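Q:
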Amino acid sequence: MASKKKIDVIPKSVLSGKKRDVKEVQHLISSWGCHELEVQESPLGGLGCFAGKDYEAQDYVARDISPAADVMDMNLGNRVCCKCYSVIRNPRGPRGCERCGKQSYCDKFCSTEDSQHLLECDLLDALERRVKAKPTRSVLLLARCLLARQSILKRSDDNDDDDDEGNNANFIDYLINHKDKYSKEDKESRVGLSTMAGSFLTKKPINQVLQSEIDVLYDALCSINCNAFTIIDCVSGVLLGTGLYPGLTFINHSCDPNLQVTQIGKILTLKAVRPIKKGEEFTISYIDRTEGAIQRNEELMETFFFECQCHKCASVRSEKRNDFYFVCKDPSCKGRVDFYDQENLSVDAKCMVCSKGFDDHGYALNGIRKSIHDDLMKIIQECYKSQRLNIAKLLPVTDRLFQYIHYGDSATNQLIKDILIFYEEKKPAPKATPEETEMIKKLILRVYQFYKHHFGESHPDTAKAKSNYLISIGKLDEAKPLQESYVLILNSSTLI
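In full-length UniProt numbering, the protein residues as written are 1 to 496.
#1: Taking DSSP's pairing of strands, which residues face His373 in a bridge?
#2: Can you check whether the CB of Gly243 is closer than 8 Å to the CB of Ile251?
#3: Just checking my contact of Ile380 with Glu435 at CB under 8 Å: how many whole Å lie between their CB atoms?
#4: Cα-Cα, which of Ser189, Arg95, Thr202 is closest to Ile7?
#5: Could you give the uninterrupted runs of the alpha helix (DSSP H) lying entirely in the stretch 198-238, keeping only those of 4 residues or more?
#6: Give the DSSP bridge partners of Met72, in chain order.
#7: Please work out which residues of its chain come closer than 6 Å, Cβ to Cβ, to Thr412, disregarding the five sequence neighbours upstream and downstream, and give them in chain order.
#8: What did DSSP end up calling Gly247 once you bin it into helix, strand or coil?
#9: With DSSP collapsed to three states, give me the class of Leu345.
#10: Secondary structure at Ala272, three-state DSSP: helix, strand or coil?
#11: With which residues is Lys278 paired in a DSSP beta bridge?
#12: Would you say Leu443 and Leu420 are within 8 Å of each other, going by their C-beta atoms?
#13: Thinking C-alpha only, which one of Tyr469, Cys351, Asp409, Pro257 is nearest Phe450?
#14: Roughly how far, in whole angstroms, is the beta-carbon of Ile214 from the beta-carbon of Gly198, given that I think they are within contact range, below 8 Å?
#15: Starting from Arg336, follow its DSSP beta bridges and name the residues at the other end.
#16: Let me know if Cys43 comes out buried or exposed under the rule of 16 or more other beta-carbons within 10 Å of its beta-carbon.
#17: Buried or exposed for Asp122, please, with buried defined as at least 16 other CB atoms from any protein chain shown within 10 angstroms of its CB.
#18: According to DSSP, what are the bridge partners of Gln263?
#19: For Met301, tell me which candidate among Asn322, His253, Val261, Ile284 has the shortest Cα-Cα distance.
#20: For Gln483, which residues from the same chain have a beta carbon less than 7 Å from its beta carbon, with the 5 sequence-adjacent residues on both sides left out?
#21: Just the C-alpha distance for Ile88 and His459, rounded to the nearest angstrom, thanks.
#22: Would the stretch 203-212 and the stretch 284-292 be scored as touching if the rule is three or more Cβ pairs under 8 Å?
#23: What first and last residue would you give for the beta strand (DSSP E) that runs through Gln103?
#24: Whole-angstrom Cβ separation of Ser138 and Leu221, contact assumed at under 8 Å?
#25: In three-state DSSP terms, what is Thr283?
#26: For Ser47, which residues does DSSP report across the bridge?
#27: Any idea if Pro331 is buried or exposed, counting beta-carbon neighbours within 10 angstroms, 16 or more meaning buried?
#28: Taking all protein chains shown into account, decide if Pro275 is buried (16 or more other Cβ within 10 angstroms of its Cβ) or exposed.
#29: Between which two residues does the beta strand (DSSP E) containing Ile65 stretch?
#30: Using the Cα positions of Pro396 and Gln103, report the straight-line distance between them to the nearest angstrom.
#31: Pull up the distance between the alpha-carbon of Lys181 and that of Arg20, whole angstroms please.
#32: Hey, which unbroken runs of the alpha helix (DSSP H) at 4 residues or more fall wholly within the stretch 400-449?
#33: On the three-state DSSP scale, how would you describe Lys179?
#34: Looking only at DSSP bridge pairs, what is Gly357 linked to?
#35: Taking the straight line between their C-alpha atoms, what separation do you get for Ala169 and Ile176?
#36: By Cβ distance, which residues of its chain are closer than 7 Å to Leu124, with the 5 residues on each side in sequence left out?
Here it is, written out as structure tokens:
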């Protein structure tokens, strides 16, 4: 049956979050794969998603959540399939799009079933011929969202089902966009991207895109930017791309969330990280929650224009405390020491475990921390240059690290992981000295302590780190169950 009406790819307007009826939002997120989430007014502000029943830790809340549109990270080149995000292992190399040749796929199925690219193929080819440039990731994601909307509306019109499926097509209308909060420079940049998207979608020259079209595209772009998810491989940590998941856009943020988002390719899964009672609000983390509260809230304000009100952030804010990760000097404690003056890192310092006060000056300890990090980075660079682990240089630095820096420090943990990655890459190696063996065990233990501190025992990253530590100390039988619990994620990973 032919479509009854013309459906433009660029809508006449975007409602930008004003259309937020609870029943309509409930229908929207259910249709996008989140059936178990109940939409209600949230004490955090606006709408939120709540539990309709009790959940135990590790229970699934939602599975197989697909994006409305996504775009792969351009740095991956031809190594990853544009549709399924799996590594292209074909010895003949990637399979290109049969029409434009500009997309890379792992096999014929993905190349013929990539409906997202089929909608844009001719437009993409025409844009590159017209402006002699490829669209940015932001432009491509915006265009794909609007092409997906148009496709759903056409299908709905053909099926005489405008009220149901057609409502789901206008997912951008439900999203908050904060368009009035951007700086002048950010607004100008987004207007430029919106103009490029207009040329892409209409095949017009840049200077012929209508202002009314640019205005709508600007609103849509701001909405997508504030609600898109970064797609990161759950095992390797490699950035895969960005996607807009309408089913997840109403789950509010917490730096101590009760849901864990697991990503296999571009398909998401939600699991409870602790028991959740019926009626409790679901939360996820929008950012890297291993950073300090000040850094976390700076990132939240810059990207999402709000400060987190979770108990972790509220306590830091109310106590005017800086949650630095220094170690308590009491040998029987080794807790975390915080400073109670965010302005000048004054002498008012206290251990968060034993509550003992200390007179160390924050500036001095920050200088020690920076010195340790600088020394570690130099050693890592020297390791890769000489292709050997310099134990003589590394031991005194790690001794200082254990003395001053708490295992919860994010930047330190990344440097330790870099050392361990190098160590693993050099295997098989000559027989390690006792000093090297003990140091590596301590570093592996510290990575485990880091994930346990931030994520708890039930998180897969913690399980993996604990398994590595148990193996390092010869407790293979205890490590095996942890490895088995992780194997499903490991086997499903995109990049391993």
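Quick reminder that beta carbons are idealized off the backbone N, C-alpha and C, glycines included.
Since we're looking at a predicted model, the values are computed, not measured.
A: So, from the data block:
#1: Note: His373 is not bridge-paired with any residue in the DSSP secondary-structure output.
#2: Contact flag unset, no.
#3: Not confirmed; about 18 Å, so no contact.
#4: Cα-wise, what sits closest to Ile7 is Thr202.
#5: Qualifying alpha helix (DSSP H) stretches, in chain order: 211-227.
#6: Met72 is bridged to Gly241.
#7: Within its own chain, the residues whose Cβ lies closer than 6 Å to the Cβ of Thr412, once the five positions on either side in sequence are excluded, are Ile405, listed in chain order.
#8: Note: Gly247 maps to helix in three-state DSSP.
#9: Note that Leu345 has pLDDT 48, beneath the 50 cutoff, so the model's placement of it is unreliable and the number below is only indicative. Coil, per DSSP.
#10: Of the three classes helix, strand and coil, the one that applies to Ala272 here is strand, per DSSP.
#11: Within the DSSP bridge table, the entry for Lys278 names no partner.
#12: A contact, by the Cβ cut-off of 8 Å.
#13: Across the set Tyr469, Cys351, Asp409, Pro257, the C-alpha of Asp409 shows the shortest separation from the C-alpha of Phe450.
#14: Contact holds; Cβ gap of about 6 Å.
#15: Note: Arg336 sits in a beta bridge opposite Val327.
#16: Per the sequence shown, the amino acid found at residue 43 is Pro instead of Cys. Residue environment for Pro43: exposed (fewer than 16 other C-beta atoms within 10 angstroms of its C-beta).
#17: By the neighbour-count rule (16 or more Cβ atoms within 10 Å), Asp122 is not buried but exposed.
#18: Per DSSP, the beta bridge partners of Gln263 are Leu268.
#19: Of the candidates Asn322, His253, Val261, Ile284, the one whose C-alpha sits nearest the C-alpha of Met301 is His253.
#20: Only Ser467 meet the Cβ criterion.
#21: Rounded to whole angstroms, Ile88 to His459 spans 29 Å at the Cα level.
#22: Verdict: no, contact absent.
#23: Premise fails: Gln103 is in no beta strand (DSSP E) and is neither H nor E.
#24: At roughly 7 Å, the Cβ-Cβ gap stays under 8 Å, so Ser138 and Leu221 are in contact.
#25: In the structure shown, Thr283 adopts extended strand secondary structure according to DSSP, grouped into three states.
#26: Here residue 47 turns out to be Leu, not Ser, going by the sequence shown. Looking at the DSSP assignment, Leu47 forms a beta bridge with Glu41.
#27: The residue is exposed, with fewer than 16 neighbouring Cβ atoms inside 10 Å.
#28: So Pro275 counts as exposed.
#29: 60-65 is the extent of the beta strand (DSSP E) around Ile65.
#30: Whole-angstrom Cα-Cα distance: 50 Å.
#31: Cα to Cα, the separation comes out at about 20 Å.
#32: Complete alpha helix (DSSP H) runs here, min 4: 410-425.
#33: Collapsing the DSSP output to three states places Lys179 in a helix.
#34: Beta-bridge partners assigned by DSSP to Gly357: Lys350.
#35: Straight-line spacing of the CA atoms in Ala169 and Ile176 works out to 16 Å.
#36: Closer than 7 Å at the Cβ level, and outside the excluded window around Leu124, lie Cys100, Lys102.
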